[in-house]
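Only one structure is covered here, and it is reproduced in the block below.
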Amino acid sequence: MRTVKTGIGVMLSVLFGELGIVNDSIFTVSASVVSMKNTVKSSFLEGLMRIAGTILGGLCGYLMIMYLGKSSILIGLGVIFIIYLCILLRIQDSVAIATLTFASIVVGSGASDPLAYSVGRTFDTLVGVIIALVVNYSLRRKRYIEKIQFNFHELEDLYINLVKDIISSIQYSRLKELSDILTSLQSTHENYIDEGKYSIYTFDKEKLEAILKECEELYYHMYGLSIQKQNLIVSKRLAKELYAYGINVVDNYIISDNSNLILEYHMSEILKIIQLREAS
């Protein structure tokens, strides 16, 4: 979707140039591309910062032309000053567009009226940022939210199957794989929540939050199992229950009337989570 939205943003930026709404569409195109993000929230928040950066760069460019003139040394110092201001104002994400606006004004002003040229370049850039915001918000389609949700459940299935495989084969060295999938789940969940806040469509955030919490608990118990390198004894009762849910501990564990209490605890908790998941 970001690819499609970027293409639409560029198309509109060029069209605005052809219609004479902006003077130089290259600045509008550039601003639109760098302001387009995956989610509406990220595009909106960073878009606001880029608007602030554009105005900051335009103002600094105008003041330099009016009072300091322009030279390679001054332009370099001006860029350093703008970067410092962006960091000071906590709008670091707008550094690129602020310096771009500043440099385009100072370098390209020529014999033009400084005020008119500065306003024109700043306006062209602002239009690009606004186009990105409008396109990103307008295309907040239901299918995109459904796609995020589908990806989340795919990752969930992959996670659960890996849990079962690691336990069955005693390959606890693969816990890093489990951690990577959990990180992807957390990132996908964050995108889902961010997009949902700006969506007109309903979505079940409570269900996904519950699944994510269960996966985090699973990782905790898997880590607990990973440090039980000795005394791999599982009770007959638990071994039978685990087998019913696709976890075969018969081949690689000692099955006995007695058990390792720590190992038994973590496996029992893992089994509860899997049972709840498959029952829902």
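The numbering of the sequence shown is our numbering, which starts it at 1068 and goes up by one. The beta carbon of each residue, even a glycine, is placed where N, CA and C say it ideally should be.
Close Cβ partners of residue i (< 6 Å) along its chain, the five nearest in sequence each way excluded
| i | result |
| --- | --- |
| residue 1332 | none |
| residue 1116 | 1158, 1160 and 1161 |
| residue 1084 | 1092 |
| residue 1150 | 1162 |
Residue i, buried or exposed, once every other Cβ within 10 Å from all chains shown has been counted against 16
| i | result |
| --- | --- |
| residue 1327 | buried |
| residue 1246 | exposed |
| residue 1133 | exposed |
| residue 1129 | buried |
| residue 1320 | buried |
| residue 1200 | buried |
| residue 1261 | buried |
| residue 1098 | buried |
| residue 1205 | exposed |
| residue 1079 | buried |
| residue 1076 | buried |
| residue 1285 | buried |
| residue 1302 | buried |
| residue 1148 | exposed |
| residue 1173 | buried |
| residue 1248 | buried |
| residue 1252 | buried |
Proximity to residue i [Cα-Cα], best of the options
| i | options | result |
| --- | --- | --- |
| residue 1279 | 1227, 1175, 1118 and 1186 | 1227 |
| residue 1324 | 1335, 1306 and 1313 | 1306 |
| residue 1160 | 1120, 1346 and 1316 | 1120 |
| residue 1340 | 1230, 1294, 1116 and 1093 | 1230 |
| residue 1244 | 1343, 1222 and 1148 | 1222 |
| residue 1299 | 1313, 1236, 1346 and 1242 | 1236 |
| residue 1187 | 1087, 1153 and 1254 | 1087 |
| residue 1217 | 1192, 1190 and 1271 | 1271 |
| residue 1072 | 1143, 1202 and 1153 | 1202 |
| residue 1125 | 1155, 1234, 1141 and 1191 | 1191 |
| residue 1250 | 1283, 1240, 1241 and 1224 | 1283 |
| residue 1336 | 1289, 1347, 1322 and 1303 | 1289 |
| residue 1351 | 1164, 1122, 1180 and 1143 | A query on residue 1351 cannot be resolved here, the shown segment of the chain reaching from 1068 to 1347 and no further. |
| residue 1194 | 1131, 1212, 1252 and 1118 | 1118 |
| residue 1127 | 1273, 1184, 1074 and 1100 | 1184 |
| residue 1181 | 1136, 1090, 1150 and 1153 | 1136 |
| residue 1123 | 1143, 1248 and 1156 | 1156 |
| residue 1240 | 1293, 1225 and 1252 | 1293 |
| residue 1139 | 1318, 1254, 1213 and 1175 | 1175 |
Residues near residue i in its chain [Cβ-Cβ closer than 8 Å; skip 5 each side]
| i | result |
| --- | --- |
| residue 1256 | 1219, 1275, 1276 and 1279 |
| residue 1238 | 1232 |
| residue 1146 | 1166, 1169 and 1170 |
| residue 1329 | 1291 and 1295 |
| residue 1312 | 1231, 1338, 1341, 1342 and 1345 |
| residue 1281 | 1340, 1343 and 1344 |
Neighbourhood of residue i by C-beta distance below 7 Å, restricted to the same chain and skipping five residues each side
| i | result |
| --- | --- |
| residue 1309 | 1316, 1334 and 1338 |
| residue 1114 | 1102, 1196, 1199 and 1200 |
| residue 1314 | 1231, 1234 and 1235 |
| residue 1094 | 1171, 1188, 1191, 1192 and 1195 |
| residue 1225 | 1248 |
| residue 1016 | Residue 1016 lies beyond the residue range present for the chain, which begins at 1068 and ends at 1347; the question has no answer from this structure. |
| residue 1304 | none |
Residue i beta carbon near the ligand NAD (any heavy atom closer than 7 Å)
| i | result |
| --- | --- |
| residue 1347 | Of the ligands one can find in the structure shown there are none, so the ligand NAD has no counterpart to examine. |
*Identify every run of the alpha helix (DSSP H) within the region 1244-1304, keeping only runs that are complete inside it and at least 4 residues long; order them along the chain.*
1272-1293
*Could I get the ranges of all uninterrupted alpha helix (DSSP H) runs contained in the region 1105-1192, with 4 residues as the minimum, in chain order?*
Annotation: the region 1105-1192 contains the following complete segments of the alpha helix (DSSP H) (minimum length 4 residues), in chain order: 1107-1134, 1139-1155 and 1162-1175.
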